[in-house]
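The structure appears below as structure tokens.
In my numbering, the protein residues as written are 6 to 209.
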């Protein structure tokens, strides 16, 4: 496929046919239509090569229906194609929903990062669990389960009691509990459902 840049950002399928709903849109539209990209199997993003001026970049940020954290970290620079690629990467993360088996993020955060449709932001999972409606990433009081993807690591989080197999701790997990910091010493792949001080934890 030849990639032809013009004044628009276009979505092109592998066979060169434009999906009718995405055929051609002005530069602000991709930030509204990123989600639709997921419905097409082989979609490439084309963008204008001309660098964006400051006013155009501001307009794109204002038009983007994403959390301020995403806007601040992904809509940067002056190349439209790079910006769209950044947002495609954001929307390519698994989307959080009730019943989802959330896995803990690795150090590089190549896994365990989820797009939350409620506030259009990314969150890293701290401990594996099955998603419940009251454990949505943007809700308060869930520091043991989630941290904002763009936030710095906040250190060990308070231990929470796992329920029904959800929220179990993987080997090496570090938590705080009753004034001490604990590490889960149960070898993988066994998950720890015990309270620190009862079984499977060691003070560090």
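All residues carry an ideal CB built from backbone N, CA and C; glycine is no exception.
Who does residue i pair with in a DSSP beta bridge?
i: residue 181; result: 163, 186
i: residue 153; result: 128
i: residue 134; result: 107
i: residue 91; result: Looking at the DSSP assignment, residue 91 forms no beta bridge with any residue, so it has no partner.
Alpha carbon to alpha carbon, how far is residue j from residue i? Give it in angstroms, no decimals.
i: residue 26; j: residue 127; result: With a pLDDT of only 44 at residue 26, under the threshold of 50, the placement of this residue in the model should not be trusted; the figure read from the coordinates follows. Distance between the alpha carbons of residue 26 and residue 127: 26 Å.
i: residue 107; j: residue 117; result: 7 Å
i: residue 94; j: residue 130; result: 17 Å
i: residue 140; j: residue 102; result: 10 Å
i: residue 133; j: residue 76; result: 27 Å
i: residue 66; j: residue 110; result: 28 Å
i: residue 100; j: residue 142; result: 11 Å
i: residue 34; j: residue 180; result: Its pLDDT being 45, under 50, residue 34 is placed unreliably by the model, and nothing is read from it.
Cα-Cα, which of the options is closest to residue i?
i: residue 195; options: 209, 174, 179; result: 174
i: residue 122; options: 184, 97, 80, 201; result: 97
i: residue 104; options: 135, 115, 113, 130; result: 135
i: residue 198; options: 208, 184, 178, 186; result: 178
i: residue 56; options: 176, 119, 120, 83; result: 83
What is the residue span of the beta strand (DSSP E) that residue i lies within?
i: residue 208; result: 206-208
i: residue 121; result: 118-121
Under 7 Å: does the beta carbon of residue i sit that close to some heavy atom of the ligand SAM?
i: residue 191; result: Of the ligands one can find in the structure shown there are none, so the ligand SAM has no counterpart to examine.
Between which two residues does the alpha helix (DSSP H) carrying residue i extend?
i: residue 75; result: 73-79
Going by beta carbon distance, what residues of the same chain come within less than 7 Å of residue i, once the five residues before and after it are set aside?
i: residue 37; result: At residue 37 the pLDDT is 38, less than 50, meaning the model places this residue with poor confidence; the figure from the coordinates comes in the next sentence. Counting only Cβ-Cβ distances below 7 Å, and skipping sequence neighbours, we find 70.
i: residue 205; result: 189, 190, 191, 197, 199
Please go through the same chain and pick out, in chain order, the residues whose beta-carbon is closer than 6 Å to the beta-carbon of residue i, but skip the five residues on each side of it.
i: residue 201; result: 164, 182, 187
i: residue 149; result: 162, 163, 165
Quick one: residues in its chain with C-beta nearer than 8 Å to the C-beta of residue i, no 5 flanking neighbours on either side, listed in chain order?
i: residue 114; result: 129, 154
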